[in-house]
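Just so you know, we're using my numbering here: the sequence shown kicks off at 839 and counts up by one. Even for Gly, the Cβ is constructed at its ideal location relative to N, Cα and C. Given the structure is predicted, the values throughout are model-derived calculations rather than measurements.
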Amino acid sequence: MPPAAAIPTETPHRPRGTPKRRGRGRTRALVLIGVHVVILAHVAHWQIAGTTLTPLEPSEAMQTLELGYVNAGFLLLCATILATLVLGRFFCGWACHVVAYQDLCAWLLGRVGLRPRPLRSRLLALLPFAAAFAMFVWPSLARAWRGEAAPGLVLHLTTDSFWRTFPGPWIAALTLLVDGFLVVWWLGAKGFCTYGCPYGALYGLADRLAPGRIRVSDACDGSAQCTAACTSNVRVHEEVARFGMVVDTNCLKCLDCVAACPNGALRVGFGLPPLVQRAARPRRRYDFTWPQELALAALCVAALLSLRGLYHKVPFLLALGLAVLVASAGAVAWRMLREPELRVQHVQVKRGGRLTGAGRALAAGIALLLLFTAHSGVVRHAEVRGEVLFVQANAERGPARAATLSAAEPWLLRAARLGLFPDGALQAQLGSLARERGAYAEAEARLRRATELAPELAYAWIGLADLQVRRGARDDAVLTLRRVLDREPGFAPARERLERLGR
């Protein structure tokens, strides 16, 4: 079997002498730039006014499901799903910032003559659906299992803590680098849409029912220039020939195929939804056997569990992108060991049974990635064990509580000792444990360190202020509480403590 990264896309290329029609790329790029201008204006309004519309981010819908907050992100998600039920996945193609970064990466690679070949996996393509389930379904099922009532819905359209649910600038930049650029180079254009995006999974389900489709007329001559223009790995010419329209839910309605058709045979049209029988769908080609797929999926799940929430910094979307990269890197490493000839994307990494210079560099990079992931799994395991016991202790009293806290502390200390990077949230937990056993100086030192590493942890500031009051440093406590309110003016515990201190 040829290596996954070296399998050709079998995408037709434009014949010589055929006039190239201008695509929608420039128009779509301007629209996506406009989306980013709106995002920057939203952030600027919050910085100037102190309060603004809640983030227009679909992940904010998790607050609606878990806390009952009907915010702008939830309304956006509902509106875009409804629009997708009619128009198809236009929102993904024309308004998603991650799609913009993927397109930018593909464009930059194209400028140097590289077109990333797509990875084709059955099981990895299920990851976005699993992620969507974990984000939008599992919290409600878990609450029902515990016998808890669903939260009442409350309109929550403004906030003075706009950035509370977002990562810091370095993690945000890393997320864009991984999900918007590295995934494209490694897995092909729209790689994150295919293998990582939980929102894309929801939109893909809605797209199956959409009457709005890319449809074909009798003017089609089968030149396949539409498929050559598509960056979503859709076999456009095959689908319109078989069904008279594009039925693949990976179609983001970017309209590049419409613009690329030399005869103007493609258009956006409305009609009955496809509801195509599975047996009638084109046979898909995949890069892996079923045993290889299962191994790939197992490695992906292990990497996701190891990396999500690592050092209390790695968000879900970044962990998804990294997990897919780790899984595909593992597949490449296996083939590097077994196959005498190997190309990864456009780079020859093995020739005549020997690694090339590029191959040695790639092997070193893959080894470091896999070792980092394994180490992260050890750290994350210790951290999770300690946190589970810590939370359990909060529901206990008396000797049982003290015993559970004593059991939690060694796990958290192990996570702190093994970690490659300092973890503010972990220091805050260790500070709370030190306070519980009466080691107040250690507790204050750990909580102070926590506020230095993670200034957004309001509860760490509150704990530090309480300890300062305990040792009589009331002025220091006032300054600490005011720092909390500078970041989050509406944080009630800080205001209540200031009132008790008479300030």
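Distance, Cα to Cα, residue i vs residue j?
i: residue 1219; j: residue 1048; result: 43 Å
i: residue 1096; j: residue 1143; result: 41 Å
i: residue 1293; j: residue 1213; result: 26 Å
i: residue 1159; j: residue 902; result: 25 Å
i: residue 998; j: residue 1084; result: 44 Å
i: residue 1181; j: residue 1027; result: 18 Å
i: residue 1111; j: residue 1014; result: 35 Å
i: residue 1105; j: residue 934; result: 22 Å
i: residue 1037; j: residue 936; result: 11 Å
i: residue 1321; j: residue 972; result: 35 Å
i: residue 1331; j: residue 870; result: 41 Å
i: residue 1260; j: residue 1278; result: 21 Å
i: residue 949; j: residue 942; result: 11 Å
i: residue 1215; j: residue 1255; result: 14 Å
i: residue 878; j: residue 1166; result: 34 Å
i: residue 1127; j: residue 1039; result: 24 Å
i: residue 880; j: residue 1006; result: 17 Å
i: residue 953; j: residue 1188; result: 20 Å
i: residue 859; j: residue 893; result: Unreliable positioning characterises residue 859 in this predicted model, as indicated by a pLDDT of 44, which lies under 50. The coordinate reading is nonetheless provided below. Looking at the two C-alpha atoms, the distance is approximately 38 Å.
i: residue 1186; j: residue 951; result: 16 Å
i: residue 1011; j: residue 1264; result: 23 Å
i: residue 1109; j: residue 1050; result: 7 Å
i: residue 1296; j: residue 1154; result: 22 Å
i: residue 959; j: residue 1133; result: 12 Å
Using a threshold of 8 Å, state whether the C-beta atoms of residue i and residue j are closer than that.
i: residue 1323; j: residue 1335; result: no
i: residue 1022; j: residue 1034; result: no
i: residue 899; j: residue 911; result: yes
i: residue 1086; j: residue 1072; result: yes
i: residue 1156; j: residue 1017; result: yes
i: residue 915; j: residue 1044; result: no
i: residue 1131; j: residue 1271; result: no
i: residue 1055; j: residue 980; result: no
i: residue 1163; j: residue 1024; result: yes
i: residue 1305; j: residue 1282; result: yes
i: residue 1150; j: residue 1262; result: yes
i: residue 1068; j: residue 930; result: no
i: residue 1091; j: residue 926; result: yes
i: residue 1046; j: residue 1082; result: no
Is DSSP giving residue i helix, strand or coil here?
i: residue 1124; result: coil
i: residue 1030; result: helix
i: residue 990; result: coil
i: residue 1117; result: Its pLDDT being 49, under 50, residue 1117 is placed unreliably in this model, and the coordinates cannot settle the point.
i: residue 1334; result: helix
i: residue 890; result: strand
i: residue 997; result: strand
i: residue 1192; result: strand
i: residue 975; result: coil
i: residue 875; result: helix
i: residue 1072; result: coil
i: residue 1346; result: Residue 1346 falls outside the range modelled here, since the chain spans only 839 to 1341, and no answer is possible.
Could you spell out where the beta strand (DSSP E) holding residue i opens and where it closes?
i: residue 1189; result: 1185–1189
i: residue 1050; result: 1050–1054
i: residue 984; result: Element bounds for residue 984: n/a, residue is neither H nor E.
Nearest by alpha-carbon distance to residue i: which of the options is it?
i: residue 966; options: 1139, 1284 and 1256; result: 1139
i: residue 1198; options: 1156, 1003, 945 and 1171; result: 1171
i: residue 1194; options: 1209, 1174 and 1207; result: 1174
i: residue 1210; options: 1282, 917, 1168 and 993; result: 1168
i: residue 865; options: 932, 888, 915 and 970; result: 932
i: residue 1227; options: 977, 1241, 1237 and 1263; result: 1241
i: residue 974; options: 897, 984, 930 and 994; result: 897
i: residue 1190; options: 993, 1244 and 1179; result: 1179
i: residue 1243; options: 1088, 1340, 1299 and 1225; result: 1225
i: residue 1064; options: 1070, 1041 and 1075; result: 1075
i: residue 1146; options: 986, 1222 and 1133; result: 1222
i: residue 944; options: 1051, 1200, 1070 and 1098; result: 1070
i: residue 1079; options: 1088, 1059, 1068 and 1091; result: 1059
i: residue 1002; options: 1338, 1325 and 985; result: 1325
i: residue 895; options: 889, 883 and 917; result: 917
By the DSSP assignment, the alpha helix (DSSP H) with residue i in it spans what residues?
i: residue 1154; result: 1154–1176
i: residue 1108; result: Segment 1104–1108 is the beta strand (DSSP E) holding residue 1108; no alpha helix (DSSP H) there.
i: residue 1353; result: Only positions 839 to 1341 of the chain appear in the structure, and residue 1353 is not among them; the question remains open.
i: residue 1149; result: Where residue 1149 is concerned, there is no enclosing alpha helix (DSSP H), given that its DSSP letter is neither H nor E.
i: residue 837; result: This structure gives no information on residue 837, because the portion of the chain shown stretches from 839 to 1341.
i: residue 1308; result: 1296–1308
i: residue 912; result: 910–925
i: residue 1314; result: 1312–1325
i: residue 1239; result: 1236–1256
i: residue 1262; result: 1262–1274
i: residue 1045; result: 1036–1045
Verify the CB distance criterion: does residue i have a CB-CB separation below 8 Å to chain C?
i: residue 1264; result: Reference to chain C is not applicable here, since this structure consists of a single protein chain.
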